[in-house]
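Reading through the structure tokens given below for one structure.
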Amino acid sequence: MKFADLFKETIWSLAGNKVRSGLTMLGIIIGIASVIALVAIGQGAQNSISKNIEAIGSNLILVNPGAQRVGGVSQGGGSAQSLTVEDANAIKSEIENIQAVAPAIQKRSQVTAKGNNTNTQILGTTADYLTVRNVTIDSGSFFSDQQMKTSAKVAVIGTTVRDDLFGTDANPIGQTIRINKMDFQVIGMTITKGGSGFGNQDDIIYIPLNTAQHYISGNANLSNISIAATDQNSMTDVQQQITDLLLARHKISDSSSADFTIMNQNDIIATATNITGTFTILLSSIAGISLLVGGIGIMNMMLTTVTERTREIGLRKAIGIRKIYINLQFLSEAIVLTFLGGAIGIFLGWLASLAVTHFISALTTSISLSSIFLAFGVSAGVGIIFGFYPARRAANLSPIEALRYE
Amino acid sequence: MIECKNLTKIYGSGDTKTYALRDVSFSIKKGEFVSIIGPSGSGKSTLMHILGALDTPTNGEYSLDGHEVSALEDDELSDLRRNKIGFIFQSFNLLPRTTVLRNVMLPLLYSDLSSTEREKRARECLKYAGMEEKLFQNLSNQLSGGQMQRVAIARALINNPSIILADEPTGNLDTKTSHLVMDALQELNQKGHTIILITHEMDVADYANRIIHIRDGMVEKDVVNNPHDRSINFTF
Numbered sequence: 000m001k002f003a004d005l006f007k008e009t010i011w012s013l014a015g016n017k018v019r020s021g022l023t024m025l026g027i028i029i030g031i032a033s034v035i036a037l038v039a040i041g042q043g044a045q046n047s048i049s050k051n052i053e054a055i056g057s058n059l060i061l062v063n064p065g066a067q068r069v070g071g072v073s074q075g076g077g078s079a080q081s082l083t084v085e086d087a088n089a090i091k092s093e094i095e096n097i098q099a100v101a102p103a104i105q106k107r108s109q110v111t112a113k114g115n116n117t118n119t120q121i122l123g124t125t126a127d128y129l130t131v132r133n134v135t136i137d138s139g140s141f142f143s144d145q146q147m148k149t150s151a152k153v154a155v156i157g158t159t160v161r162d163d164l165f166g167t168d169a170n171p172i173g174q175t176i177r178i179n180k181m182d183f184q185v186i187g188m189t190i191t192k193g194g195s196g197f198g199n200q201d202d203i204i205y206i207p208l209n210t211a212q213h214y215i216s217g218n219a220n221l222s223n224i225s226i227a228a229t230d231q232n233s234m235t236d237v238q239q240q241i242t243d244l245l246l247a248r249h250k251i252s253d254s255s256s257a258d259f260t261i262m263n264q265n266d267i268i269a270t271a272t273n274i275t276g277t278f279t280i281l282l283s284s285i286a287g288i289s290l291l292v293g294g295i296g297i298m299n300m301m302l303t304t305v306t307e308r309t310r311e312i313g314l315r316k317a318i319g320i321r322k323i324y325i326n327l328q329f330l331s332e333a334i335v336l337t338f339l340g341g342a343i344g345i346f347l348g349w350l351a352s353l354a355v356t357h358f359i360s361a362l363t364t365s366i367s368l369s370s371i372f373l374a375f376g377v378s379a380g381v382g383i384i385f386g387f388y389p390a391r392r393a394a395n396l397s398p399i400e401a402l403r404y405e
Numbered sequence: 000m001i002e003c004k005n006l007t008k009i010y011g012s013g014d015t016k017t018y019a020l021r022d023v024s025f026s027i028k029k030g031e032f033v034s035i036i037g038p039s040g041s042g043k044s045t046l047m048h049i050l051g052a053l054d055t056p057t058n059g060e061y062s063l064d065g066h067e068v069s070a071l072e073d074d075e076l077s078d079l080r081r082n083k084i085g086f087i088f089q090s091f092n093l094l095p096r097t098t099v100l101r102n103v104m105l106p107l108l109y110s111d112l113s114s115t116e117r118e119k120r121a122r123e124c125l126k127y128a129g130m131e132e133k134l135f136q137n138l139s140n141q142l143s144g145g146q147m148q149r150v151a152i153a154r155a156l157i158n159n160p161s162i163i164l165a166d167e168p169t170g171n172l173d174t175k176t177s178h179l180v181m182d183a184l185q186e187l188n189q190k191g192h193t194i195i196l197i198t199h200e201m202d203v204a205d206y207a208n209r210i211i212h213i214r215d216g217m218v219e220k221d222v223v224n225n226p227h228d229r230s231i232n233f234t235f
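Protein sequence lines, in the order shown, are assigned to chains A and B. The end of the first sequence is residue 405 by numbering that gives the first Met the number 0, with every number in the run present. The end of the second sequence is residue 235 by numbering that gives the first Met the number 0, with every number in the run present.
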């Protein structure tokens, strides 16, 4: 009977003051929902970045031309014309623990087909590129050795290029596209790799390396060489060997004046992790501030409520309700409010994360259990302490003082 | 039934020590209707708080129904107030936004009675206090002052208390309603309830059979009173 009374009294008291209860809960809801949604977005961003990096290839080592110096002025990384197909061949033949070597020429260019046009990346390379960068052919085929040797005007396109030039469900195989005022025949299409914006690895057209040298760049210099090591453990060793080999081939004795840069995927991952770490700290601070603001809101509402109700507490005491029941009632009111608000907050936070995933295709949010516990713990703690403590103080007043309280 | 012996209440200490009550002694028998009257600052409120077990005296003894009140702990005082004393306040002190029935049932909260039993008792007490049945489900803040005080009387009756303690019950009411409420109290007394009324108005105190005058914390006089016939005394 006593517990049932306590429960009924709590529900009645909260339901009887819907505005007051609603406002108190609003603070809790906003605090919890914003923390959960923000942390979920942060985690999602982190996941999507590391997924993009993994899609680049595995055990990848990347050699780029260094910065060219004209009269002591650096022209920026990649500007030197120092990498050649011979370098790539030498790496392939002389260094152990290598799976594949893919020399590449990259250039952005306007491409047209059937009146549609797009600006995309043209990549001249060899069949090894498929291995090095985890590229898989969806339909059609990649260039044959014959096509490589004869500088055939054939192209393999990514799905974004297909969408832009032919439409989403069109079959591009056998169609003709114009690159640099020359007709190329589409002979294959790759499987969608994902990623978006600058990380979009489907917005690309592959052509044979020789074709690129003849018709696109007009010279033999490479934009980069991608090398796949056989396993992750040998990467550092392979990287060192490539450095030594290229230094020897380019006749440079001092490694600090090398005319190329070399980095492996672990470096890229480390850099990206660094960036996303900063990003997560930023989002967490915002979440922390919303939690603080929410907490102050809850505290404010609870304090106001209890102060308002001092006379009620006085009356309850005067007509002989024991202090413990008054304390319990306020405690259970605070608990019900914070738990109800918490549940709604968690639900709304989850809903917001889903909405972000749905409307921003590049981002798949991921709700972390720890953010739910943290947000709920802080809000519930603040709500219960500031709902209960002032009520306890009021219940300790003499009933006369509490009744006179204005 | 009520025994007060040398009740003394002192506020403050040292130089600021003030006597709210000095050596107040009297007794009240079952079924009496007693008015305690005095100007403001006379100590009648302090006396009322002690009689209502809301406060304890600094010195002296107060026993209610054979229980020595001055020695009780907080929870024991709560139990005593709940079971032995029915309060009627000047400002009604009803819970706002709450139905008449709920207000009357409030003192039964956390008791062993079933909810049907509680409601049955509340309805009886409300009828007893002269409330119309159609108002039972109304919210307390929708009532007139006179109706509110009737609800408060019903609430005071719900635990079948030994004494009913009314603190300026007419202080917030107009003259006509005041007399209606006082008639209701007088009727309760005629049905056997012991009533102690605290007031500073003589014509309200006049409803009682005995009037204790308090001045400067002491009993000035304690006289038997013949309540006047109200129908003759309506002179406004």
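Idealized CB from N, CA, C, for every residue including glycine. The structure presented is a predicted model; accordingly, all values stated were derived computationally and were not measured.
Item                                                                                                            : Value
Below-8 Å beta-carbon distance, A/Ala317 vs any chain B residue                                                 : yes
Straight-line gap, B/Met201 to B/Ile36 (C-alpha atoms, nearest Å)                                               : 7 Å
Cβ-Cβ distance between A/Ile345 and B/Leu105 below 8 Å                                                          : no
Cβ neighbour criterion (16 or more within 10 Å) applied to B/Pro38                                              : exposed
Minimum Cβ-Cβ distance from B/Ser230 to chain A less than 8 Å                                                   : Per-residue confidence for B/Ser230 stands at a pLDDT of 47, beneath the threshold of 50, marking its modelled position as unreliable; no derived number is given.
N- and C-terminal bounds of the beta strand (DSSP E) containing A/Ile206                                        : Ile203 to Pro207
Beta carbon proximity, B/Leu71 to chain A, threshold 8 Å                                                        : no
Interface flag, B/Ile1 vs chain A, CB-CB below 8 Å                                                              : no
Closer than 8 Å at the beta carbon, the chain B residues around A/Ser397                                        : Leu53 and Asp54
Under 9 Å by beta carbon: chain B residues contacting A/Lys322                                                  : Asp73, Asp74 and Ser77
Limits of the beta strand (DSSP E) - the one that B/Glu60 falls within                                          : Asn58 to Leu63
Which residues DSSP lists as bridging A/Glu311, in chain order                                                  : Paired residue(s): none; A/Glu311 is not in a bridge.
Presumed contact (8 Å Cβ cut-off) between A/Ala269 and A/Gln98, rounded CB distance                             : Contact flag wrong, Cβ pair sits at about 22 Å.
In DSSP terms, what A/Gln105 is bridged to                                                                      : A/Leu122
Proximal residues, the segment 6–34 of chain A versus chain B, C-beta separation under 8 Å                      : Glu8, Trp11, Gly15 and Asn16
Cβ of B/Asp215 within 8 Å of any chain A Cβ                                                                     : no
CA-to-CA distance, A/Arg315 to B/Ser177, given in whole angstroms                                               : 25 Å
With 16 other Cβ atoms within 10 Å as the buried cut-off, status of A/Asn232                                    : exposed
Residue-level contact to chain A via CB, B/Tyr109, 8 Å cutoff                                                   : yes
Against chain A: residues of the segment 84–100 of chain B by CB proximity under 7 Å                            : Phe86, Asn92, Leu94, Arg96 and Thr97
Limits of the beta strand (DSSP E) - the one that B/Ala70 falls within                                          : No beta strand (DSSP E) holds B/Ala70; DSSP gives it neither H nor E.
Assigned exposure category for A/Glu93 - 16 Cβ within 10 Å defines buried                                       : exposed
Outcome for A/Asp127 when other beta-carbon atoms lying within 10 angstroms are tallied against a minimum of 16 : buried
Close beta carbons around B/Asn232, own chain, < 6 Å, minus the five adjacent residues each side                : Its pLDDT being 47, under 50, B/Asn232 is placed unreliably by the model, and nothing is read from it.
Bounding residues of the beta strand (DSSP E) (the contiguous stretch that carries A/Ile136)                    : Ile136 to Gly139
CB of A/Phe375 within 8 Å of CB of A/Gly341, strictly                                                           : yes
Residue from A/Val34, A/Phe338, A/Ser252 and A/Glu400 with nearest C-alpha to A/Ser369                          : A/Val34
Three-state secondary structure (DSSP) of A/Leu291                                                              : helix
Partners in chain B for A/Leu330, counting only beta-carbon separations shorter than 9 Å                        : Here the premise fails: no neighbours, minimum Cβ distance about 15 Å.
Identity of the residues DSSP links to A/Thr189 by a beta bridge                                                : A/Ile136
Interface partners of B/Pro106 on chain A, CB under 8 Å                                                         : Ile318, Gly319 and Ile320
Residue range of the beta strand (DSSP E) that includes A/Thr229                                                : Where A/Thr229 is concerned, there is no enclosing beta strand (DSSP E), given that its DSSP letter is neither H nor E.
Where B/His48 meets chain A, residues with beta-carbon distance less than 7 Å                                   : Ile399
Rounded separation between A/Asp144 and A/Ala211 - CA only                                                      : 15 Å
Rounded separation between B/Phe91 and B/Asn224 - CA only                                                       : 27 Å
Short-range partners of chain B found in the segment 338–363 of chain A, where Cβ spacing is below 7 Å          : none
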